[in-house]
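Take a look at the structure set out below.
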Amino acid sequence: MAAAAGLSVAHGRRPGPAGPVGTAGPRLLAAVVLLGGWQALASSGLLFRDVVPPLQALAAGLWAVARDGGFWADARVTGGELLGAVLVGGVAGGATGLLLGSSPLLSAAFERWITWFGPTPKIILFPVLILLCGVGPGSKVAMGAVSCFFPMVLSTAAAVRGVDPVLLRVARSFRARRHQTLMKVYLPATVAPLLNGVRLGFGLALIGVLLAETKLSNQGVGFAVMQAYARFDMPRMYGLLILVVGFAAAVNIVLGHGARRAAGATGQEH
Amino acid sequence: MKVGAGLAGLLVMAGLVALLQWAIGAGIVDEYTVPRPTEIAAALPRLVAEEQVVSRFLVTAGETFAAAGLSTLVGTALGAALYRWPLLRRSFEPGFAVLAAAPLILAYPLFLVLFGRSSATVVVIAFASALPPVVLQAVAGFAAVRPVLLAAGRSLGLGRAAEFRHVLLPAALPSVFTGLRLALMFGLINVVGVEFLINLGGLGALINELSERYDLPGTWAAIGLVVLVSACFFVVLDGGERWLRRRG
């Protein structure tokens, strides 16, 4: 969602008067405070115990989910849909962004449509996607692809526009062909912002696929969450949500790290 | 060139709509999947007359503004606290960064259990999704206040509270407004999304109801309406922020 609103969860942000951000000790302290607060709330009896289960019940739920073969079958379904969504949305978005970024005329004509449509909640398109792609995995892939498409277009177009004109002039002076310019200049010069685009697109595709599964599906992790809700199996629901958020955070960190390394290797700052 | 290109873009879009109308008429596109654009346009007045679009819009807008207002207030206060106490910032800012990128809307079944199938659920999910980016924006805004302003305030003998009120807050106001813009964006996206998912409330629920009735032109028209409302909303917010930054 952060991507939808154009927010960059800053990496390497200026530390400011509060000093450098992020050391292991304070993070550990925060984790202890949050977990302790949760446990105190769960034990206090202020809230219904099943809704805010104690940590040991959460851990048991998480363990039960991780050991459950059904969960991994659902995860494979969701993973396949997600992969398809990122491939379709990423390639289509990257190609469209390349066109818009390399042509001022196309950008002036069409980019505003992408910018306007980009931040709208894509899940509202799901009824149409069901009609177009069916009730099976196709509509979930389409949902994720549509979600991934917009951040990919905008980040690719911005990345292509940010390529140093000197590099392009050098390519022209060497009489590089179109595909050579693409492979030898644009791709290496835009790898860091492209990875950031994939990072944002991946997060939105994951949301799109899982929300679609919660709405209409008989398999996948989103469906498993709704099953846990229907059975009021709160430890299982928490376990599923923790795994999903953990997976999203891990991919986000890995892609963000890759983007920073690529930016460092090419001397870019993002 | 820019106006001409924009007009050309509009004409191409209109051409695509006309092409779709023709393709449906010629049987190339299935009319039971994609209704004719003229049918979609004709469904709009019906939606306004029969589906209480105006009152649904007000429900969605009310939930959006409630969530955005709450997250801006709480987020700015939390941002100020994180800025004020470095240990707090080092402890919790990375967590807010992770939460800002986390798919919190997926936890909507959990919120349904906690708050029931009510507007409270919609507002709380939108609030929870908007809060982390607002906090991060507020911390960044406070941290970016020029040290010379703070030094001037201290040399005038301002205490902590007066420094916050007379120096920090005015200097960080553009960032606070950016936070409000983010909160409104996240608010609208999540409110409409959750309304659609749990079939409750305003414009999101309208799309869900129409699709369950298999009212295809109505569904497409309602989707178009929501896209239009969102686009107008974001254009107005962007314009407002640019205006404020020019004045600031």
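In order, the protein sequences belong to chains H and L. Mapping of the first sequence onto my numbering: residues 8 to 277, in sequence order. Mapping of the second sequence onto my numbering: residues 147 to 394, in sequence order. For each residue, glycine too, the CB sits at the ideal point set by N, CA and C.
Can you check which of these residues, the options, is closest to residue i by C-alpha distance?
i, options, result
"H/L218", "L/P255, L/R306 and L/G150", "L/P255"
"L/G241", "H/D240, H/L42, H/F239 and H/G229", "H/L42"
"H/E118", "L/W389, L/T324 and L/A151", "L/A151"
"L/R109", "L/A289, L/L314, L/L356 and L/R359", "A query on residue 109 of chain L cannot be resolved here, the shown segment of chain L reaching from 147 to 394 and no further."
"H/F78", "H/V205, H/L248 and H/A270", "H/L248"
"L/L190", "L/L156, L/R202, L/G364 and L/W389", "L/G364"
"H/V95", "H/A82, H/S146, H/W45 and H/V135", "H/S146"
"L/L228", "L/I369, L/Q283, L/G303 and L/G348", "L/Q283"
"H/D171", "H/K222, H/T188, H/R184 and H/V160", "H/T188"
"L/A248", "H/G86, H/L207, H/A237 and H/M241", "H/L207"
"L/I335", "L/V268, L/L390, L/A243 and L/A368", "L/V268"
"L/G208", "L/L374, L/E341, L/W389 and L/A368", "L/E341"
"H/A149", "H/G44, H/L54, H/F239 and H/L89", "H/L89"
"L/G386", "L/G173, L/F323, L/V338 and L/I369", "L/F323"
"H/W123", "H/P134, H/W45, H/P158 and H/G143", "H/P158"
"H/R34", "L/D361, L/W389 and L/R235", "L/R235"
"H/A115", "L/E355, L/D384 and L/L156", "L/L156"
"L/G262", "L/L346, L/L390, L/A290 and L/V158", "L/L346"
"H/G253", "H/S51, H/L69, H/A49 and H/F55", "H/L69"
"H/V261", "L/E185, L/V244 and L/F273", "L/V244"
"L/G339", "L/A169, L/S275, L/A223 and L/G161", "L/S275"
"L/A331", "L/W168, L/A368 and L/V373", "A quick correction: the sequence has Met, not Ala, at residue 331 of chain L. It is L/V373 whose Cα lies nearest to the Cα of L/M331."
"H/W120", "L/V149, L/R391, L/D361 and L/M159", "L/M159"
Can you tell me where the alpha helix (DSSP H) holding residue i begins and where it ends?
i, result
"H/R56", "Counting along the chain, H/R56 falls outside any alpha helix (DSSP H), and DSSP gives it neither H nor E."
"H/Q226", "Segment: none, H/Q226 is in no alpha helix (DSSP H) and carries neither H nor E."
"H/T103", "G76 to S109"
"H/F156", "P144 to R168"
"H/R1", "The structure shown does not extend to residue 1 of chain H, since chain H spans only 8 to 277, so no value can be given for it."
"L/I186", "P183 to E196"
"L/V336", "A small fix is needed here, since residue 336 of chain L is Asn in this sequence, not Val. Residues L319 to I344."
"H/R243", "M241 to A272"
"L/R359", "No alpha helix (DSSP H) holds L/R359; DSSP gives it neither H nor E."
"L/S201", "V199 to R230"
"L/Y254", "Y254 to F261"
"L/R300", "P293 to S301"
"H/G44", "A31 to S51"
"L/I271", "S265 to A289"
"H/F133", "F133 to C140"
"L/E177", "Neither: L/E177 is in no alpha helix (DSSP H) and is coded neither H nor E."
"L/A172", "First-last for L/A172: undefined, no H or E at that position."
"L/R306", "R306 to E309"
Hey, residue i and residue j are a contact pair by Cβ (cut 8 Å); roughly how many whole angstroms apart?
i, j, result
"H/S162", "H/G104", "7 Å"
"L/P449", "L/V163", "Nothing about residue 449 of chain L can be read from this structure; chain L reaches only from 147 to 394."
"H/R168", "H/G108", "5 Å"
"H/I214", "L/L252", "7 Å"
"H/A212", "H/G151", "4 Å"
"L/V280", "L/G221", "3 Å"
"H/D81", "H/Q226", "6 Å"
"H/P134", "L/S376", "Their Cβ separation, rounded to whole angstroms, is 17 Å, which puts H/P134 and L/S376 out of contact at 8 Å."
Residues of chain B with a CB under 8 Å from the CB of residue i: which are they?
i, result
"H/T221", "In the displayed structure, chain B is absent; the protein chains listed are H and L."
Under 8 Å (Cβ pairs) to chain L, residues found in the region 227-246 of chain H = G229, V232, M233, A235, Y236, F239, M241, M244 and Y245
What residues in the region 202-214 of chain H have a beta carbon less than 7 Å from any beta carbon of chain L?
-> G210, L213 and I214
Count the CB pairs spanning the region 92-103 of chain H and the region 254-274 of chain H that are closer than 8 Å, and state whether there are at least three.
-> no
Identify each residue in the region 190-214 of chain L for which the Cβ-Cβ distance to at least one residue of chain H is less than 7 Å, and report them in chain order.
-> none
Would you check if the region 325-334 of chain L and the region 376-387 of chain L touch, i.e. whether three or more CB-CB distances between them fall below 8 Å?
-> yes
Residues of the region 114-138 of chain H whose Cβ lies closer than 9 Å to any Cβ of chain L, in chain order | S114, A115, A116, F117, E118, R119, W120, T122, W123, F124, G125, P126, T127, P128, K129, I130, I131, L132, F133, P134, V135, I137 and L138
Check each residue of the region 230-246 of chain L: if its Cβ is closer than 7 Å to any Cβ of chain H, include it; give the result in chain order.
-> P232, L233, R235, R236, S237, F238, E239, P240, G241, A243, V244 and A246
Contact residues within the region 316-343 of chain L, judged by C-beta distance below 7 Å to chain H | L328, M331, F332, I335, V338, G339, F342 and L343
Short-range partners of chain L found in the region 55-74 of chain H, where Cβ spacing is below 8 Å = V58
Taking one C-beta from the region 127-147 of chain H and one from the region 348-355 of chain L each time, how about it: are there three or more such pairs within less than 8 Å?
-> yes
Are there three or more Cβ pairs, one per stretch, closer than 8 Å when the region 54-69 of chain H is compared with the region 179-197 of chain H?
-> no
Interface positions of the region 355-367 of chain L facing chain H (Cβ-Cβ less than 9 Å), listed along the chain | L356, S357, E358, L362, T365 and W366
For the region 288-304 of chain L against the region 172-181 of chain L, are there 3 or more C-beta pairs whose distance is under 8 Å?
-> no
Decide yes or no for the touch test of the region 187-204 of chain L against the region 273-290 of chain L: beta carbon pairs closer than 8 Å, at least 3 of them.
-> no
Chain H contacts from the region 155-175 of chain L (Cβ-Cβ distance under 8 Å) = G155, V158 and M159
Which residues, in chain order, does the region 31-50 of chain H contribute to contact with chain L at a C-beta distance below 9 Å?
-> G32, P33, R34, L35, L36, A37, A38, V40 and L41
The region 245-263 of chain H: which residues have C-beta closer than 7 Å to a C-beta of chain L, in chain order?
-> L248, V251, V252, A255, A256 and N259
For the region 370-394 of chain L, which residues have a beta carbon sitting closer than 8 Å to at least one beta carbon of chain H?
-> V372, V373, S376, A377, F380 and V381
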